[in-house]
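Numbers given in this note's numbering equal positions in the sequence shown, counted from 1, plus 6.
Quick reminder that beta carbons are idealized off the backbone N, C-alpha and C, glycines included.
Okay, so here's the structure we're looking at.
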Amino acid sequence: MDATQATRAVVEEMAAAMEENRRRLTKLDSEIGDGDHGNNMHRGFQAALERLNAADPSTPADVLKAVSMALISKVGGAAGPLYGTAFLRASAALGTEQEVSAGEAAEALEAALGGIKQRGKAEVGDKTIVDALTPAAEAAKQAAGDGSVAGVFRAAAGAAEEGAESTIPMTARKGRASYLGARAQGHQDPGATSTYLLLEAAARTLEGAS
Ligand code: ADP
Ligand code: MG
C-alpha cells in the first residue's frame, strides 16, 4: 500500500469511527451543547468519502485536502470549519510528495493544531478540541524521532485520549458549552473526544497497513 492509499484508508476508518460513535458524540454534545456533534461528524466524513471517490486524489496531501473541502462545505456548527482548517493545514504541510515520513506526519499534526488555534482562538484548558490535539501533537513529535508513521499516530492517539479525559472537570471558555458556566463541569468535551477517536482510527489503520 502506498502512502496515498494508506491516507485514504485512514480517512475511511475515520468515517467508520464517526459512524460507530455517532450516538456517543451526540450524547456528550447534548449534555453541554446542542446535541449535534455526532451527526455533524458523521455527515462530514460521509461527504469526505464521496469526495474522495469522485476526485481520486494522487497524493496524501490531496486526500487530506478533499476531506477538508467536504468538512468545510458540509458541516455546519463550530467543529466542521475547525476540523476543515485542520485537514487543510495538514495537507499543506505534506506538500506534493508521494511519501510521508514519521517526522512529516508529526509536522502535519502540529500544523493541524496551529490551524485550529488560529481559527478558534482556544488554548489548552478551554475545554475544546485543543485539549486533545495539543498533547497529541507533542506526543507525535516525541515519537517521530525513532519511529514509524503508525508509531506517531499511536502516540498521538494515546495522548489525545488523556487530553479528552482532562476536559471533564473543566469549565468551557469557547463554543456553546461556555454558556453553561460551571454546569459544564463533570462532562467530557465532545470535540476533544472526536479528536481522540479520529487519531485512534488513524493509528489502528496504519498499524494494520505496515
Ligand atoms: P456546535 O458547537 O456549533 O454545535 P459541534 O457540536 O459540531 O458544533 O462541535 C462542538 C465542539 O466544537 C466542542 O465540543 C468543542 O470541542 C469544539 N469547539 C467549539 N468551539 C471551539 C473553538 N473555538 N476552538 C476549538 N474547538 C472548539
Ligand atoms: Mg453541537
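Of all the options the options, which has the alpha carbon lying nearest to the alpha carbon of residue i?
{"i": "G187", "options": "L34, G214 and G39", "result": "G39"}
{"i": "G82", "options": "G44, A111, S107 and A161", "result": "G44"}
{"i": "A61", "options": "F51, A72 and A67", "result": "A72"}
{"i": "Q11", "options": "S200, Q104, L119 and G120", "result": "Q104"}
{"i": "L100", "options": "L88, A114, G90 and A108", "result": "A114"}
{"i": "S200", "options": "E171, A108 and A146", "result": "E171"}
{"i": "G86", "options": "V69, G121 and S107", "result": "G121"}
{"i": "R210", "options": "A9, A23 and M7", "result": "A23"}
{"i": "A207", "options": "I174, A156 and A183", "result": "A156"}
{"i": "G181", "options": "T134, R160 and L212", "result": "T134"}
{"i": "A161", "options": "A92, Y89 and Y202", "result": "Y202"}
{"i": "V136", "options": "R189, A118 and R14", "result": "A118"}
{"i": "I174", "options": "D8, M7 and D35", "result": "D35"}
{"i": "A108", "options": "A21, E18 and A150", "result": "A150"}
{"i": "A112", "options": "A145, A98 and L77", "result": "A145"}
{"i": "L205", "options": "A96, A190 and L139", "result": "L139"}
{"i": "P196", "options": "F93, E19, A84 and K147", "result": "A84"}
{"i": "A92", "options": "D42, A143, S64 and V130", "result": "A143"}
{"i": "A190", "options": "E110, A96 and D132", "result": "D132"}
{"i": "R14", "options": "G41, P66 and M47", "result": "P66"}
{"i": "P63", "options": "T102, E129 and F159", "result": "T102"}
{"i": "A163", "options": "G41, S97 and L212", "result": "L212"}
Buried or exposed: which applies to residue i, given that a residue is buried once 16 or more other Cβ atoms fall within 10 Å of its Cβ?
{"i": "Q194", "result": "buried"}
{"i": "R49", "result": "buried"}
{"i": "G192", "result": "exposed"}
{"i": "K123", "result": "buried"}
{"i": "E25", "result": "exposed"}
{"i": "E167", "result": "buried"}
{"i": "E56", "result": "exposed"}
{"i": "D152", "result": "exposed"}
{"i": "G214", "result": "exposed"}
{"i": "P141", "result": "buried"}
{"i": "T32", "result": "buried"}
{"i": "D8", "result": "exposed"}
{"i": "S79", "result": "exposed"}
{"i": "E116", "result": "buried"}
{"i": "Y89", "result": "buried"}
{"i": "N59", "result": "exposed"}
{"i": "E129", "result": "exposed"}
> Who's in the neighbourhood of the ligand MG, going by beta-carbon under 5 Å from any heavy atom, listed in chain order?
Replying inline: My final list is D35, G39, D40, D42 and H43.
> Could you give the uninterrupted runs of the alpha helix (DSSP H) lying entirely in the region 141-197, keeping only those of 4 residues or more?
Replying inline: Complete alpha helix (DSSP H) runs here, min 4: 155-172.
> Hey, which unbroken runs of the alpha helix (DSSP H) at 4 residues or more fall wholly within the region 27-80?
Replying inline: Along the region 27-80, the alpha helix (DSSP H) occurs as fully enclosed runs of 4 or more residues at 28-38, 43-61 and 66-80, listed in sequence order.
>> For a minimum of 4 consecutive residues, which ranges assigned as the alpha helix (DSSP H) are wholly contained in the region 79-140?
In response: Within the region 79-140, the complete alpha helix (DSSP H) runs of at least 4 residues are 85-100 and 108-126.
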